[in-house]
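Per this note's numbering, the sequence shown starts with residue 2, numbered consecutively. Think of the CB as a built atom: it goes at the ideal place given N, C-alpha and C, for glycine as much as any other residue. Given the structure is predicted, the values throughout are model-derived calculations rather than measurements. Everything on this sheet refers to the single structure shown next.
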Amino acid sequence: MKRMLFTSESVTEGHPDKICDCISDAILDEILKQDPNARVACETTCTTGIVSIMGEISTSCYVDFPKVARGAIIEIGYDRAKYGFDGNTCAVVTAIDEQSPDIAMGVNEGFENKNGENDIENTNGAGDQGMMFG
Numbered sequence: 002m003k004r005m006l007f008t009s010e011s012v013t014e015g016h017p018d019k020i021c022d023c024i025s026d027a028i029l030d031e032i033l034k035q036d037p038n039a040r041v042a043c044e045t046t047c048t049t050g051i052v053s054i055m056g057e058i059s060t061s062c063y064v065d066f067p068k069v070a071r072g073a074i075i076e077i078g079y080d081r082a083k084y085g086f087d088g089n090t091c092a093v094v095t096a097i098d099e100q101s102p103d104i105a106m107g108v109n110e111g112f113e114n115k116n117g118e119n120d121i122e123n124t125n126g127a128g129d130q131g132m133m134f135g
């Protein structure tokens with residue numbers, strides 16, 4: 002009998018991971034609203050007084066990342082320094098580059114499509130991203 006151990010992490014309201022997820026989600030939503038064909042790999046980190054947004058994004062639209070980040074933070078309820086974080090005054094640092102050619106090569110056309118299986122579901126390939134839950 003094979004034994005397997007499955008674990009997962011869960012964080013509660015107010016945890017920096019939750020704040021960062023909300024910011025990344027807001028950025029993705031704004032990009033996809035303007036460019037449904039965008040490629041987005043966006044990571045966010047934060048600590049008291051500062052947010053860092055980084056990743057690889059290929060899109061034809063313009064998004065004001067600091068504005069979107071501040072809006073997400075304020076929407077969560079962090080709008081005063083006395084709460085330990087203030088979306089109105091925190092620093093927002095961005096480091097965004099275009100998607101690397103290596104990743105683009107894998108997602109521009111699916112493996113199956115490259116090998117002659119011309120099925121609509123196999124048109125796009127998979128990138129380097131995983132599914133998270135919890």
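Secondary structure of Ser25, DSSP reduced to three states:
Here residue 25 refers to the residue found at position 24 of the sequence shown. Ser25: helix per DSSP, three-state reduction.
Start and end residues, beta strand (DSSP E) containing Ala82
Numbered from 1 along the sequence shown, position 81 holds the residue referred to as residue 82. Taken as a continuous stretch (DSSP letters only), Ala82 belongs to no beta strand (DSSP E), as it is neither H nor E.
What residues in its chain sit with their C-beta under 7 Å from that of Arg81, if we drop five residues either side in the sequence?
Translated into positions along the sequence shown, residue 81 becomes position 80. Only Asp87 meet the Cβ criterion.
Name the two residues that bound the continuous alpha helix (DSSP H) containing Val52.
Here residue 52 refers to the residue found at position 51 of the sequence shown. Careful: Val52 lies outside any alpha helix (DSSP H), inside the beta strand (DSSP E) at Ile51 to Ser59.
Classify Ile54: buried if its beta carbon has 16 or more other beta carbons within 10 angstroms, exposed otherwise.
Within the sequence shown, the letter at position 53 stands for residue 54. Counting Cβ neighbours within 10 Å, Ile54 comes out buried, since at least 16 surround it.
Any idea what DSSP makes of Arg4, helix, strand or coil?
On the sequence shown, position 3 is the one that residue 4 refers to. Under the three-state reduction of DSSP, Arg4 is assigned to coil, being neither helix nor strand.
Inspect the CB distances between the segment 28-39 and the segment 2-17 and report whether three or more fall short of 8 Å.
no
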